[in-house]
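Chains as they are written, first to last, in this note's numbering: chain A, 27 to 285; chain B, 27 to 285.
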């Protein structure tokens with residue numbers, strides 16, 4: 027172990043990411059959750075009642091690591107308001123540069139690459155934790171902190187993290203929107219979205235054994251013009267029609283590059 | 027049971043769907059797989075060696091149900107070449123009308139709503155089997171046949187099936203293509219696609235507890251223009267840029283409709 031005594035953390039902000047991180051760290055014996063700060067007064071979950079809470083930056087305690095979990099565009103200015111210096115302050119965002127954090131403290135990033143909802147339990151052990159720091163010693167602290175909850179801690183630069191976040195938008199936000207569109211298509215005919223769930227799960231699970239290129243099937247890949255035409259006829263909404271055409275074209279482009 | 031003796035089936039064509047159906051039926055004691063027909067000579071899997079094989083339509087045996095599993099646009103003409111009449115002939119396609127099958131036989135559809143790959147095991151019990159037939163008695167045969175392998179057998183008309191298939195293209199083919207794009211984005215920077223897999227799985231698993239509309243997150247939904255702009259700057263390929271813009275616009279449209 028790099029740090030001889032127990033590592034102590036303070037959470038700054040208590041949105042979905044910090045809430046789940048706090049829960050994971052709180053149940054570990056290798057880390058001490060000293061405090062939660064939040065701009066507005068909030069109630070901690072009943073199981074976390076023993077954790078100190080404050081809504082005043084002046085009362086933030088001394089800790090080994092501060093984890094900022096607030097809106098992306100507030101990270102920089104908030105970090106300026108912290109009333110201490112030369113401590114390790116990290117944020118948890120996929121799309122914000124490490125350098126956005128104020129220079130008066132040591133900077134870092136602790137980005138769990140996952141989607142978090144208030145209502146869903148998270149098993150951190152398989153979630154990649156992408157870390158970044160200015161010094162080797164801070165990187166080591168973040169590495170050890172990550173390994174407390176996850177089996178996959180990787181060093182990722184700010185530039186790489188941008189690309190990861192962009193790719194994550196495709197497989198999470200955009201994919202979820204396609205689920206939403208398919209639900210809307212079925213709803214029009216009172217068909218239950220439930221029917222598609224085994225297909226949705228298998229489409230994701232296939233990646234265990236096949237690359238996305240190997241897994242690609244369907245009318246666009248087969249260049250099955252009759253089915254494509256039928257589908258475009260069935261899509262009455264202009265926006266969905268455009269998306270269908272664009273995605274079909276993109277599949278066929280990718281297909282040509284393969285040949 | 028509607029049929030007193032064991033139901034017998036013959037598979038016509040041996041692509042992915044029929045291959046998996048054959049395996050599932052073959053391991054059941056409630057159904058007899060009489061024969062596999064295929065236009066070209068193929069080898070059946072070693073475990074299926076006891077099943078009769080033919081590549082001559084004239085030698086197709088008498089059975090209770092014939093299951094056509096061939097290319098969509100070949101179903102109609104192939105069904106005309108069958109040298110028998112008044113028997114129950116079904117196809118397994120999501121996008122072909124029941125009436126495409128030749129009039130000389132009793133028509134039906136037995137459509138398992140799932141994506142099949144040669145290399146992946148399938149657990150049929152959770153896969154919806156969408157059935158259609160011209161008569162109540164044939165529908166009942168397909169219902170019982172479906173229940174041998176699946177807990178979810180539903181009657182779906184040809185018109186409804188078209189919509190289901192269209193929705194399936196969105197959640198399967200199009201979603202998989204988004205996986206492919208994100209892999210391409212990461213590959214450019216030698217970042218491993220592995221890192222995204224927990225996110226991909228959770229995005230699908232979320233639907234167990236949230237609707238797609240409830241599950242939607244991300245820069246498009248938040249109207250986070252700065253991140254959107256950064257992402258468009260990072261996307262050097264024109265085709266991906268267009269898709270990003272179109273999907274972002276579509277998420278924002280859906281968002282407005284919610285309000």
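No residue lacks a Cβ here, since even glycine has one placed at the ideal position from N, Cα and C.
Predicted, not measured: the structure shown is a model, and the values here were computed from it.
Use the C-beta contact count for residue 32 of chain B: other C-beta atoms within 10 angstroms, 16 or more gives buried, fewer gives exposed.
exposed
In terms of residues, what are the limits of the beta strand (DSSP E) holding residue 61 of chain A?
57-63
With a 10 Å radius around its C-beta and 16 neighbouring C-beta atoms as the bar for buried, classify residue 193 of chain B as buried or exposed.
buried
Here's a check: name, in chain order, each residue in its chain whose Cβ is nearer than 8 Å to the Cβ of residue 16 of chain B, leaving out the five neighbours to either side.
Nothing can be reported for residue 16 of chain B, as the shown portion of chain B is limited to 27 through 285.
Indicate whether residue 127 of chain A and residue 102 of chain A have their beta-carbon atoms separated by less than 9 Å.
yes
Thinking C-alpha only, which one of B/47, B/233, B/223 and B/68 is nearest residue 81 of chain B?
B/68
Taking CB distances under 9 Å as the criterion, tell me whether residue 107 of chain B reaches chain A.
no
Note down, in chain order, each residue of its chain lying with its Cβ closer than 8 Å to the Cβ of residue 112 of chain B, except the 5 sequence neighbours on either side.
130, 131 and 132
In the DSSP assignment, what residue or residues form a beta bridge with residue 78 of chain A?
A/61
Any residues in the region 86-118 of chain B with a beta carbon nearer than 9 Å to a beta carbon of chain A? Which ones, in chain order?
97, 98 and 99
Nearest residue (CA-CA) to residue 137 of chain A, options A/146, A/148 and A/168
A/168
Beta-carbon of residue 339 of chain A versus every beta-carbon of chain B: anything under 9 Å?
The first residue shown for chain A is 27 and the last is 285, placing residue 339 of chain A beyond what the model contains.
Can you look up residue 133 of chain A in the DSSP assignment and give me helix, strand or coil?
strand
Assign residue 238 of chain A to one of three DSSP states: helix, strand, or coil.
helix
What is the rounded straight-line gap between the Cα of residue 27 of chain B and the Cα of residue 181 of chain B?
A caution first: residue 27 of chain B carries a pLDDT of 44, below 50, which makes its placement in the model too unreliable to give a value.
How is residue 127 of chain A classed by DSSP in three states: helix, strand or coil?
coil
Of all Cβ atoms in chain A, is any one closer than 9 Å to the Cβ of residue 196 of chain B?
yes
For residue 143 of chain B, name the three-state secondary structure that DSSP assigns.
coil
Please go through the same chain and pick out, in chain order, the residues whose beta-carbon is closer than 7 Å to the beta-carbon of residue 281 of chain B, but skip the five residues on each side of it.
247
For residue 29 of chain A, I'd like the list of residues in its chain whose CB is within less than 8 Å of its CB, leaving aside the five on either flank, ordered along the chain.
Any reading at residue 29 of chain A is ruled out, since the residue's pLDDT is 49, under 50, leaving its predicted position unreliable.
Return no unless some Cβ of chain B is closer than 9 Å to the Cβ of residue 241 of chain A.
yes
Alpha-carbon spacing of residue 86 of chain B relative to residue 283 of chain A, whole angstroms:
42 Å
Does residue 249 of chain A pass the burial test, meaning 16 or more other C-beta atoms within 10 Å, or should it be called exposed?
exposed
Give me, in chain order, the residues of the same chain whose beta-carbon lies closer than 6 Å to that of residue 153 of chain A; leave out the 5 immediate sequence neighbours on both sides.
138, 140 and 176
Could you pull the start and end residues of the beta strand (DSSP E) that residue 37 of chain B belongs to?
33-38
For residue 60 of chain A, the nearest candidate out of A/275, A/221, A/34 and A/53 (CA to CA)
A/34
Just to confirm the assignment, what range does the alpha helix (DSSP H) spanning residue 192 of chain B have?
184-194
Name the chain A residues that come within less than 7 Å of residue 223 of chain B, Cβ to Cβ?
233
Answer yes or no: do residue 204 of chain A and residue 36 of chain B have a C-beta to C-beta separation smaller than 9 Å?
no
Count the other C-beta atoms from every protein chain shown that fall within 10 angstroms of the C-beta of residue 224 of chain A, then say buried if there are 16 or more, exposed otherwise.
buried
Which residues, in chain order, does the region 34-63 of chain A contribute to contact with chain B at a C-beta distance below 7 Å?
none
Locate the beta strand (DSSP E) running through residue 204 of chain B, then write down its first and last residues.
From DSSP, residue 204 of chain B is part of no beta strand (DSSP E) but of the alpha helix (DSSP H) over 201-213.
What do you get for residue 259 of chain B, buried or exposed, if any count of 16 or more other CB atoms within 10 angstroms of its CB means buried?
exposed
Anticipated Cβ contact below 8 Å, residue 230 of chain A with residue 230 of chain B, distance rounded
4 Å
With burial defined as no fewer than 16 other Cβ atoms inside 10 Å of the residue's Cβ, what is the status of residue 173 of chain B: buried or exposed?
exposed
Range of the contiguous beta strand (DSSP E) that encloses residue 180 of chain B
179-181
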